[in-house]
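Heads up: the sequence shown is residues -5 to 183, going by this note's numbering.
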Amino acid sequence: MTQTMTEPRTELNASRTQPLRLHHHAWITDDQEANRHFYEDVIGLPLVATWTEREVLSGAERAYCHTLYGLADGSALAFFQFADPEDQEEFKTGINTTPLRHIAFKVEAEAQDAIRERVTAADYPQANPHVLDHGFCVSLYITDPNGLILEFAVDHPDVEKIDAERRATAHADLGRWLAGDHTSNNNWR
């Protein structure tokens, strides 16, 4: 039997077919050292690998540096910088700046406070640190030197209860919204 939109997968089934965790998220940076300073010294993610490569990409041999900053679960943020400025421009992506395009990390309140303090002390004018209470979590948002928005989310103390409620009604909530009922179901604000 094939799974339909209304038939949620069981945990056993999902554990065999879903990705295990984020391996890495890759981005382009124009300045590896400024990026290292921000992620390692300010945010607190350790530089765990630097790969310097020469490889054929899109039909031409290119030299680039690929750095990875580690998270506690073994995943990483990765950043590329090309040696040739023309290659850098070719592979650089524009960002449609919107608060909805971001990477979110789960943190404890102590880590969120420490990150906010370090970003404020480092005086990154583009960082724009601000906190939003979403009800189910409280999030610190900052912008990195590359224009990438980062979210550091502290879960609500009742996160298991909230998660169970949303899982139980996820398909019905989506169906309701798709049918035109756009009322909020966030009772945690």
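Where a beta carbon is used, it is the ideal one built from N, C-alpha and C, also for glycine.
Near residue 136, what residues of its chain come up, given a Cβ to Cβ distance below 6 Å and the 5 sequence neighbours on each side ignored?
113, 121, 123 and 144
Pick out whichever of 91, 90, 66 and 103 has its Cα sitting closest to the Cα of residue 134.
103
Buried versus exposed call for residue 157 [16 or more other C-beta atoms within 10 Å across all chains shown]:
exposed
Alpha carbon to alpha carbon, what distance is there between residue 54 and residue 148?
44 Å
Runs of beta strand (DSSP E) lying entirely within the region 105 to 156, each at least 3 residues, in chain order:
124 to 127, 131 to 137 and 143 to 149
Would you check if the region 151 to 166 and the region 39 to 51 touch, i.e. whether three or more CB-CB distances between them fall below 8 Å?
no
Starting from residue 100, follow its DSSP beta bridges and name the residues at the other end.
Per DSSP, 147.
Out of 17, 29, 92 and 174, which one is the CA nearest neighbour of residue 185?
Nothing about residue 185 can be reported from this structure: the residues present for the chain run from -5 to 183 only.
Identify whether residue 169 lies in helix, strand or coil by the three-state DSSP scheme.
helix
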